[in-house]
Amino acid sequence: MDLMAMDHDHDHGTSDDDDTTKSCPMIMVFHGGHCERILWRGWVAYTVTEFVLSALAIFVVSFLYEALKFLRQHLARRDARKESERLAEEQRRKNENPTAGGCCSETPLAEERDPSYWQRLFASTHIIQALLNLVQIVISYLLMLIFMTFNYWLCLAVILGLGLGYFFFGWNKKSPDESECCP
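Numbering (our numbering), first residue to last: 229 to 411.
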């Protein structure tokens with residue numbers, strides 16, 4: 229086998245030592261086709277059916293990524309609303325019980341204190357937000373790696389999933405300046 233033929237075989241993922249396993253080429257320019265390695269060694273779409281199912285799975289994950297972003301924003305708004313209600317209730321109680329004749333009805337020990345840094349850090353709502361953020365970051369990087377297969381069908385699955393997910397969930401944003409590019 230001459231050097232040119234060996235180089236050609238290497239570019240397409242085949243060689244003399246792995247003839248027993250079927251492989252798809254890794255093409256580093258935008259391309260079509262159905263034979264594609266996706267994310268890890270075990271996820272290879274050899275047939276058109278496998279490729280279409282993979283593209284549908286990628287579409288669903290992209291859609292769910294937008295749903296996850298919406299869920300995190302919804303939980304953050306809910307927590308902020310609960311905190312503002314708590315502060316408003318605290319202020320209302322202070323206004324209802326003015327000090328009568330220099331003597332107050334409540335002792336300073338009965339006042340509620342703001343949670344400490346460590347209490348806020350280990351609050352269940354913060355832990356849930358942190359875990360959801362971690363999942364969102366992982367999914368965003370996996371979607372980026374799928375896009376980097378340069379298969380325009382898989383790229384289209386990512387784009388359409390994100391677009392449809394935004395259509396269903398993104399319109400509900402309270403402020404227009406929320407970042408669209410990052411988790």
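Note that beta-carbon positions come from the ideal geometry of N, C-alpha and C, so glycine has one too.
Legend entry - Buried versus exposed call for E264 [16 or more other C-beta atoms within 10 Å across all chains shown]: For E264, the number of other beta carbons within 10 angstroms of its own is at least 16, and it is reported as buried.
Legend entry - Residues of its chain near V257, where Cβ-Cβ distance is below 7 Å and the 5 sequence neighbours each way are ignored: For V257, where only same-chain residues beyond five positions count, the Cβ hits under 7 Å are F378.
Inset, instruction - Specify whether the region 357-371 and the region 285-305 touch according to this definition: at least 3 beta carbon pairs, one from each stretch, less than 8 Å apart. - result: With a cut-off of 8 Å, the region 285-305 and the region 357-371 count as touching, because enough Cβ pairs lie within range.
Inset, instruction - Report the partner residues of N325 according to the DSSP bridge assignment. - result: DSSP, once it has assigned bridges, lists no residue as partnering N325.
Inset, instruction - Verify whether the separation of the beta carbon atoms of L296 and V363 is less than 8 Å. - result: Judged by their CB atoms, L296 and V363 are nearer to each other than the 8 Å cut-off.
Legend entry - Pair within 8 Å by beta-carbon distance, W381 and G260: Yes, the Cβ-Cβ distance between W381 and G260 is below 8 Å.
Legend entry - Environment of E318 [buried if 16+ CB atoms lie within 10 Å]: Counting Cβ neighbours within 10 Å, E318 comes out exposed, since fewer than 16 surround it.
Inset, instruction - Go through the region 343-400 residue by residue and report every complete run of the alpha helix (DSSP H) that reaches 4 residues or more, in order. - result: For the region 343-400, whole alpha helix (DSSP H) runs of length 4 or above, ordered along the chain, are 345-349, 352-375, 380-397.
Legend entry - Inter-residue CB distance, A273 and Q357 (contact presumed, cutoff 8 Å): Rounded to the nearest angstrom, the Cβ distance from A273 to Q357 is 35 Å, too far for a contact under 8 Å.
Inset, instruction - Take P343 as the anchor and find which of R314, L359, N361 has the nearest alpha-carbon. - result: Of the listed residues, the one whose Cα sits closest to P343 is R314.
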